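What follows is a single structure, written as structure tokens, with notes after it.
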């Protein structure tokens, strides 16, 4: 929520896909009654599920819907809907319960920035997360940001080991983007991260249908 707010303040229009149980919605003073799974099953339409958080922020609750994207082949339907929104979305922020939930949305050609909670100073959890991601796609490189680590020096000292393990066992090059305090804490961490994302935009997409149904649509021009 903090990152989405800072992105909006910089002029970006983020879509937050949230796999929590309404936590992000509550941060914006909203209640998530429905989620992505209801749309995919045909129980609700997009207008009843997507939440307008103001300031150019759109929230899509997706506790059960995100894992279903890859298995049920609904990723194209979701992308059609994103590109059919009246407000053009610049950036998608995934709040995931597990890396596997992103399987239907990962683009190996895209810009990857993985924010990893740094509670474990030896970064075993970070390596496991990267291994899961690489099992679904093979990016050329990944930027890693350690978020919320109480001991920055310990995290900085561990990163070379993480990078070496990723290079040796995953054939993956990691770029160290540093260690930030909690995104909701003091120090402008969310603002700093949002500024680093400025200039990132969704790739072009040619929807086959409007919101997953209806006649063929014209190709949407490439954004900035």
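Numbering (this note's numbering), first residue to last: 1 to 224. The C-beta atom is built at its ideal place from N, Cα and C for all residues, glycine as well. This structure is a prediction, so every number in the text was calculated from the model and none was measured.
Short check: CB of residue i to CB of residue j, under 8 Å?
{"i": "residue 15", "j": "residue 60", "result": "yes"}
{"i": "residue 66", "j": "residue 75", "result": "no"}
{"i": "residue 3", "j": "residue 193", "result": "yes"}
{"i": "residue 133", "j": "residue 166", "result": "no"}
{"i": "residue 22", "j": "residue 55", "result": "no"}
{"i": "residue 89", "j": "residue 13", "result": "yes"}
{"i": "residue 51", "j": "residue 26", "result": "no"}
{"i": "residue 174", "j": "residue 163", "result": "yes"}
{"i": "residue 231", "j": "residue 172", "result": "The structure shown does not extend to residue 231, since the chain is modelled only from 1 through 224, so no value can be given for it."}
{"i": "residue 53", "j": "residue 85", "result": "no"}
{"i": "residue 35", "j": "residue 62", "result": "yes"}
{"i": "residue 136", "j": "residue 87", "result": "no"}
Relative to the C-alpha of residue i, which candidate in the options has its C-alpha closest?
{"i": "residue 73", "options": "50, 40, 46", "result": "40"}
{"i": "residue 146", "options": "123, 138, 166", "result": "123"}
{"i": "residue 19", "options": "143, 162, 97", "result": "97"}
{"i": "residue 114", "options": "179, 53, 5", "result": "179"}
{"i": "residue 37", "options": "57, 190, 71, 52", "result": "71"}
{"i": "residue 176", "options": "191, 116, 136", "result": "116"}
{"i": "residue 94", "options": "126, 86, 112, 80", "result": "112"}
{"i": "residue 144", "options": "159, 44, 138", "result": "159"}
{"i": "residue 128", "options": "100, 62, 109", "result": "100"}
{"i": "residue 57", "options": "46, 49, 91", "result": "91"}
{"i": "residue 138", "options": "80, 109, 8", "result": "109"}
In three-state terms, what does DSSP make of residue i?
{"i": "residue 25", "result": "helix"}
{"i": "residue 13", "result": "coil"}
{"i": "residue 80", "result": "helix"}
{"i": "residue 109", "result": "coil"}
{"i": "residue 160", "result": "helix"}
{"i": "residue 143", "result": "strand"}
{"i": "residue 86", "result": "coil"}
{"i": "residue 96", "result": "coil"}
{"i": "residue 115", "result": "strand"}
{"i": "residue 173", "result": "strand"}
{"i": "residue 30", "result": "coil"}
{"i": "residue 5", "result": "helix"}
{"i": "residue 123", "result": "coil"}
{"i": "residue 54", "result": "strand"}
{"i": "residue 178", "result": "strand"}
{"i": "residue 222", "result": "Caution is warranted here: a pLDDT of 34 is assigned to residue 222, below 50, making its placement in the model unreliable, and no coordinate value can be reported."}
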